[in-house]
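One structure is given here, and the rest of the page talks about it.
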Amino acid sequence: MTVTIVGSQLGDEGKGGVVDVYGDAADVVARYQGGDNAGHTVVHDGEKYKLSLVPSGAVRDKVGVLGNGCVVNPETLFEEIDALRERGLEPDVRVAERAHVILPYHRALDGIEEEEKADLAAGTTKRGIGPTYEDKAGRRGVRIGDLLEPEVLRERLEYVVPQKKALAEEVFGKETGEAFDIDHLYETYREYGERLAEEGMTVDCGTFLQERIDAGDDVMLEGAQGTSIDIDHGIYPYVTSSNPTAGGAAVGTGLGPTVVGRGDVIGIVKAYLSRVGTGPLPTELGGVEGQTPGYDADEGADPEEEDLATYIRDEGGEYGTVTGRPRRVGWLDVPMLRHAARANGFTGLAINHVDVLAGLDEVKVGHSYEFDGEEIFTMPPTTEQWGRCEATLKTFDGWPAVDWAEVAEEGYDAIPENARTYLEYVSEELDAPIYAIGVGPGREETVVLENPYE
Ligand code: IMP
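Below, the structure written as structure tokens:
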């Protein structure tokens, strides 16, 4: 059977920790979208591993699969695999032949276009994600399978590279180098293809996963990023270029929606909100220059709000894993969660970082929005409309900091009462039971109420 893990907010909900806890029971962990824009830290046997592409399960002797919905930078892939090998691990990573390849010109163009877009920039991770998905949709992409067939690779590059070069040089007026040189790209990527073949890493993803399921294996489908930065269901254009929502798990692996739907779809919720990137954020506290629209660090926002934001940012370690950028923070946005619960059909929730809010007198949530004079309970369809929404806050009594490791051991009833009230409110609003509660960064610091594989 499958279990699908989906971020219900803006990414960085702590999916890695949940994948870690539940992934123990899985035999295969497959990613279905995104690329090396997804930073996650895995702690295994006291060692910390920072990964951005390799599925975290690969650190724990699971088969890690990058599905056809992923965009794969072979340079990052091999760097991460080599780094794991140097530390004594033997990760088993498979890559879908249908997955698209991030080439150096994609990275270069990601940077160039972000600069050009100014106010419309999504604040991307500059890993070339968007330009690679663009080429996929434009039917001029290079796929992992093409790296294994040199003449196909050459043909693809000869068609696409002159267009990319012209775009960079003639439209954007930039100088180009190796990243736009057909011969250089051909040699480098042909070699990556040889290594993929030598190490037997490529698979026909859907067939591979279905065979494992038929043989009785448990599969975890790991979404990266989150629902509100989904290209279809997120805050367009401040989104990533793939579908982190649960539908992406079928399309991005080649398993049927009925196969995915027979298993649980678990929504990962961070107990507050954090965001890397630009665009509106109705429940934001304070601001981050360069990301919060119209925010000027010298003037700042309301000092009390700024203090709260700094507290949450520091307690929660809200600095990007990939980029190190400070993240924007805010209260939990419940209309955003209702939208996610519907778009993904959550069957269970994992609520993380409940410990981060401990010690505050009051904890607030955005319960609904006031939008053009009306009260609404879910996100409106356009980001401009969302920008006009004002959050109507609901206040909860705060909960104390306690020994969270002990709480994790003792179980749900050991969670401070006010925190339980908060959690039960979220579960009721989303009409989904709580499966797990994260009360600290380590995987032991999780209160598990339900195991989806049992
Ligand atoms: P891209 O995915 O690099 O194209 O970036 C597009 C948007 O998605 C930007 O706002 C990024 O900050 C955001 N984003 C991409 N990956 C992540 C992630 O793993 N966590 C949180 N935000 C992300």
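Residue numbers (my numbering): 4 to 457. Ideal placement from N, C-alpha and C gives every residue a C-beta, glycine not left out. Remember, predicted model here, so these are calculated numbers, not experimental data.
Tell me Ser473's beta-bridge partners as DSSP assigns them.
The structure shown has nothing for residue 473, since the chain only spans 4 to 457.
Report yes if the CB atom of Val368 is closer than 7 Å to the CB atom of Val332, and no otherwise.
No, the pair does not count as a contact, with Cβ atoms beyond the cut-off.
Tell me, to the nearest whole angstrom, how far the beta carbon of Ala343 is from that of Val21; I am working on the premise that it is less than 8 Å.
Not really, about 15 Å apart at Cβ, beyond 8 Å.
Between the segment 37-49 and the segment 121-134, are three or more C-beta pairs nearer than 8 Å?
Yes, the segment 37-49 is in contact with the segment 121-134.
Sub-7 Å separation of Ile418 and Val410 beta-carbons:
Yes, the Cβ-Cβ distance between Ile418 and Val410 is below 7 Å.
Nearest-angstrom beta carbon gap, Asp375 and Gly401 [assumed within contact, 8 Å]:
No, Gly401 and Asp375 are not in contact; Cβ-Cβ is about 33 Å, not under 8 Å.
Any heavy atom of ligand 1 closer than 6 Å to the Cβ of Ile216?
Answer for Ile216: no, Cβ out of range of ligand 1.
Backbone CA spacing between Asp149 and Leu156 [nearest angstrom]
Asp149 and Leu156: Cα-Cα distance of roughly 5 Å.
What three-state label does DSSP hand Pro260 in the structure shown?
Reduced to three states, the DSSP call for Pro260 is helix.
The alpha helix (DSSP H) that contains Asn355, what's its start and end?
Careful: Asn355 lies outside any alpha helix (DSSP H), inside the beta strand (DSSP E) at 351-355.
Indicate whether Val450 and Gly414 have their beta-carbon atoms separated by less than 7 Å.
Taking 7 Å as the Cβ cut-off, Val450 and Gly414 qualify as a contacting pair.
Local Cβ density within 10 Å of Val174, reported as buried at 16 or more and exposed below that:
With fewer than 16 Cβ atoms within 10 Å of its Cβ, Val174 is classed as exposed.
Less than 7 Å between C-beta atoms, sequence neighbours within five positions excluded: which residues of the same chain meet that for Tyr239?
Thr386, listed in sequence order.
Answer with buried or exposed for Phe380, where buried requires no fewer than 16 other C-beta atoms within 10 angstroms of its C-beta.
With fewer than 16 other Cβ atoms within 10 Å, it is exposed.
How big is the Cα-Cα spacing for Glu161 and Glu178?
Cα-Cα distance, rounded: 19 Å.
Regarding Asp64 and ligand 3, is the C-beta to nearest heavy atom distance less than 6 Å?
Absent from the structure shown: ligand 3. Ligands present: ligand 1.
Between the alpha carbons of Ala124 and Thr281, how many angstroms are there, rounded?
Between Ala124 and Thr281, the alpha-carbon positions lie close to 7 Å from each other.
Going by DSSP in three states, Glu287 sits in which element: helix, strand or coil?
In the structure shown, Glu287 sits in a strand (DSSP, three-state: E or B).
Say yes only if the C-beta of Thr127 is nearer than 6 Å to one or more non-hydrogen atoms of ligand 1, and no if none qualify.
Correct: Thr127 has its Cβ closer than 6 Å to ligand 1.
Of the listed residues Val32, Leu87, Glu78, nearest to His47 (C-alpha basis):
When only C-alpha atoms are compared, the closest one is Leu87.
Cα-Cα separation between Gly176 and Leu112, rounded to whole angstroms:
So the two alpha carbons sit approximately 12 Å from each other.
In three-state DSSP terms, what is Met382?
Met382 falls in the coil class under three-state DSSP.
Are Thr398 and His370 close, meaning C-beta to C-beta below 7 Å?
With a cutoff of 7 Å on beta-carbon distance, Thr398 and His370 are scored as not near each other.
Under DSSP, the beta strand (DSSP E) around Arg97 begins and ends at which residues?
DSSP places Arg97 in the uninterrupted beta strand (DSSP E) bounded by 95-99.
Taking all protein chains shown into account, decide if Ala171 is buried (16 or more other Cβ within 10 angstroms of its Cβ) or exposed.
Buried is the label assigned to Ala171, since at least 16 other Cβ atoms lie within 10 Å of its Cβ.
In terms of alpha-carbon separation, which member of Glu197, Tyr195, Val222 lies closest to Cys208?
Cα-wise, what sits closest to Cys208 is Val222.
Counted within 10 angstroms of its Cβ, other Cβ atoms place Lys65 as buried (16 or more) or exposed:
Within 10 angstroms of the beta-carbon of Lys65 lie 16 or more other beta-carbons, which makes it buried.
Three or more C-beta pairs under 8 Å: does that hold for the segment 269-289 against the segment 52-66?
Proximity of the segment 269-289 to the segment 52-66 falls short of the contact definition, fewer than three beta-carbon pairs being nearer than 8 Å.
Could you tell me which residues DSSP pairs with Gly37 in its beta bridges?
Residue pairing of Gly37 in beta bridges, as defined by DSSP: Cys73.
May I ask you to check if the CB of Asp39 is nearer than 6 Å to at least one heavy atom of ligand 1?
Every heavy atom of ligand 1 is 6 Å or more from the Cβ of Asp39, so no.
Local Cβ density within 10 Å of Thr210, reported as buried at 16 or more and exposed below that:
Residue environment: Thr210 is assigned as exposed (fewer than 16 neighbouring CB atoms within 10 Å of its CB, all protein chains considered).
Any heavy atom of ligand 1 within a distance shorter than 6 Å of the CB on Thr279?
First, the residue type needs correcting, since residue 279 is Val and not Thr in the sequence shown. Val279: yes, Cβ under 6 Å from ligand 1.
To which residues does DSSP link Met223 through a beta bridge?
Residue pairing from DSSP places Met223 in a beta bridge opposite Val6, Val32.
CB of Pro77 within 7 Å of CB of Tyr195, strictly
Between Pro77 and Tyr195, the C-beta spacing is below 7 Å.
I need the DSSP call for Lys18, collapsed to helix, strand or coil.
Three-state result, Lys18: helix.
Is DSSP giving Tyr322 helix, strand or coil here?
The answer is strand: DSSP assigns Tyr322 an E or B state.
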